[in-house]
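Letter 127 of the sequence shown, counting from 1, is numbered 853 in the numbering used here, and no numbers are missing.
Here's the structure we're looking at; comments come further down.
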Amino acid sequence: MPGKRRCAQILALAVCVALMLPGSASAVSWTLADGVTAAGVQALEFNVGLSSLRTSGSLATDDIGEYDLRLFTNQTINVSVTGGAGTDFILVIVDDDDNLIGIADDVGAGTESISHTVSLPRYSPKIYHLGIYAFDGGSYTLNVSMTDPGTTAGTARLAGADRYATAVRASQDAFASGSGTVVIASGANFPDALAAAGLCGAYDAPLLLVPPTSLPAVVSAEIDRLGATQAIIVGGAAAVSDGVEDLIAARPGLTGGVTRIAGASRYDTAKLIAEEMSSELGTDLPDAYLVSGVNFVDALAVSPLAYAGHRPILLTPKEAAHSATLAAIDAVGVQRVVIVGGTGAVSTTAENQVEAVLGSATSRVAGNNRFETARAVANSGVSAGLIGHRFIGVANGRGFADGLGGGVAAGAHGGGLVLMESYVIPDATQAYLLDCEGDGSGAEALRVYG
């Protein structure tokens, strides 16, 4: 039976770790599996895969060392601390709700160990706090290992050697049986490709990307695999050169030829895209999205909705609505406009100008940052019946390249697109995964683009 001092120190250690208060020594913090990693998509499904930590330190008698462990459902964590000669340590783990998970206190033993299996909702990682108390201080080695629960069925990473090959992977996944039309835009910049999302929906077509002056072999092969009989290039010759157009037209299956939609500016091109959509669908387009024409994140998030709902994405500068944008509203019979992004992206002045042309109020979907906006956009699409929670697309929120084709592909799958940091799962994105889990249907498939 431990003595009174030892019992008191065990209790103090549990309280200290639960409150995350450092002991007399400086606390150490280590976090495992902070998000999207090159190792695979397990982190996105909140399964970190087989992972381990081995670290060493030293504690004086009565000092406390602390570690943070981020764990995921269905994992078993094994923690042990081994001391040098003459040392004696106590090991405690508590969860983020101050619940005691385990205490290891074998008096006088050189090693203390705890094993714990995590049981959590699928999309709810949790922080566990580990404390080491030096009853008799000295050097120690901490070993942490956790088992791999396996990836969730329906999860896949779609990535190629570059942005062009990644768009092809997205096309192959979403259009496995082919498509009679293929939409092609520059992968070097975002405006034309993002404005084309609704056009892809109108034609039930994938979006492929090309460099301005060449046609990658992987893109040529995908045009052939799709069985496309016509191609639509979006953007002028500075975006996709005439030489590339000729190479596309030379594909043997494109018997319907190649057409180009291009305006004097990105705003004019978006207007022409809306008009082509209206012509193809044979109807007015009562609903449209308005996004910044100088940044990509808001249009990236709304591209699956534009695809699924056959809604044009119109572009505008921040401070004032572009004349081509206002003309497009009238040209295709837009009655309702949803602005995506805050006033830092589309100003109230631009909003008022659009409302004057509409003769009615606009609505706005926005969050405090790009990740919150993407979540709000996806949920607005679910509420409108455009997409569902059963499919989740994920792309990097700091770059546009992988999300261009991914947004269209997500829309073709009937799902939304949320955004990630490279190595961190933003709170808003995690919340969207919980949204999908909590509506009763649950996500059945997840695709990581890139």
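Using N, Cα and C, we set each Cβ at its ideal position, and we do this for glycine too.
Since the model is a prediction, treat every value here as computed from it, not as a measurement.
Where residue i falls, given that 16 or more other Cβ within 10 Å makes a residue buried
i: Leu-1143; result: buried
i: Ser-1005; result: exposed
i: Asn-1078; result: exposed
i: Ala-1169; result: buried
i: Leu-770; result: The predicted model places Leu-770 with a pLDDT of 29, which falls under 50 and marks its position as unreliable; any figure quoted below should be read in that light. Buried, by the Cβ-count rule.
i: Tyr-866; result: buried
i: Tyr-793; result: buried
i: Ala-1121; result: buried
i: Glu-1045; result: exposed
i: Asn-1105; result: buried
i: Arg-992; result: buried
i: Leu-1041; result: buried
i: Arg-1124; result: exposed
i: Ser-782; result: exposed
i: Gly-1059; result: exposed
i: Thr-939; result: exposed
i: Ala-990; result: exposed
Check whether residue i and residue j have beta carbons under 9 Å apart
i: Ala-893; j: Gly-886; result: yes
i: Gly-812; j: Ala-860; result: no
i: Ala-1096; j: Val-1064; result: The sequence as given places Arg at residue 1096; Ala does not occur at that position. No. Outside cutoff.
i: Arg-1062; j: Asp-1010; result: no
i: Ile-1055; j: Leu-1026; result: no
i: Arg-889; j: Ala-1127; result: yes
i: Gly-1107; j: His-1139; result: no
i: Gly-1019; j: Pro-1038; result: no
i: Asn-804; j: Ser-871; result: yes
i: Ser-897; j: Pro-937; result: no
i: Lys-997; j: Thr-1075; result: no
i: Leu-1016; j: Val-960; result: no
i: Ala-1034; j: Gly-880; result: no
i: Arg-1173; j: Leu-952; result: no
i: Pro-1152; j: Leu-1145; result: yes
i: Gly-864; j: Ser-806; result: no
Residue i in three-state terms, based on DSSP
i: Arg-1037; result: coil
i: Arg-977; result: coil
i: Leu-1159; result: helix
i: Gly-809; result: strand
i: Asp-832; result: coil
i: Asp-821; result: strand
i: Tyr-1149; result: coil
i: Glu-1045; result: coil
i: Ala-1169; result: coil
i: Val-1174; result: strand
i: Val-1020; result: coil
i: Thr-892; result: helix
i: Ile-816; result: strand
i: Leu-868; result: strand
i: Leu-856; result: strand
i: Thr-1009; result: coil
i: Asp-788; result: coil
i: Ala-1014; result: strand
i: Ser-897; result: helix
i: Gly-1129; result: helix
i: Gly-1142; result: strand
i: Ala-919; result: helix
i: Val-1134; result: helix
i: Val-844; result: coil
Assumed close pair residue i, residue j - CB separation to whole angstroms, cut-off 8 Å
i: Val-908; j: Ala-954; result: 4 Å
i: Ile-840; j: Ile-816; result: Between Ile-816 and Ile-840 the Cβ distance is about 11 Å, and since that is not below 8 Å, they are no contact.
i: Leu-980; j: Ala-928; result: Going by Cβ atoms, the distance from Leu-980 to Ala-928 rounds to 19 Å, so no, they are not a contact pair.
i: Val-1072; j: Thr-1099; result: Not quite, the Cβ-Cβ distance comes to about 12 Å (not below 8 Å), so this is no contact.
i: Leu-933; j: Val-945; result: Rounded, the Cβ-Cβ distance is 11 Å, inconsistent with contact.
i: Ala-975; j: Val-966; result: Actually they do not touch by this definition, with Cβ atoms about 12 Å apart.
i: Ala-1154; j: Ala-900; result: Incorrect: roughly 25 Å between the Cβ atoms, too far for contact.
Cβ-heavy atom distance, residue i to the ligand GTP, below 8 Å
i: Gly-828; result: Absence of the ligand GTP from the depicted structure is noted, as is the absence of any ligand whatsoever, leaving it without description.
Beta carbon proximity, residue i to chain D, threshold 9 Å
i: Gly-1176; result: Of the protein chains in this structure there is only one, and it is not chain D.
task: Jot down the residue ranges of each uninterrupted alpha helix (DSSP H) in the stretch 1056 to 1125, minimum 4 residues, whole runs only, in chain order.
output: 1074 to 1084, 1096 to 1109
query: Can you list the alpha helix (DSSP H) stretches of 4 or more residues lying completely in the stretch 923 to 992, in chain order?
result: 923 to 929, 943 to 952, 968 to 975
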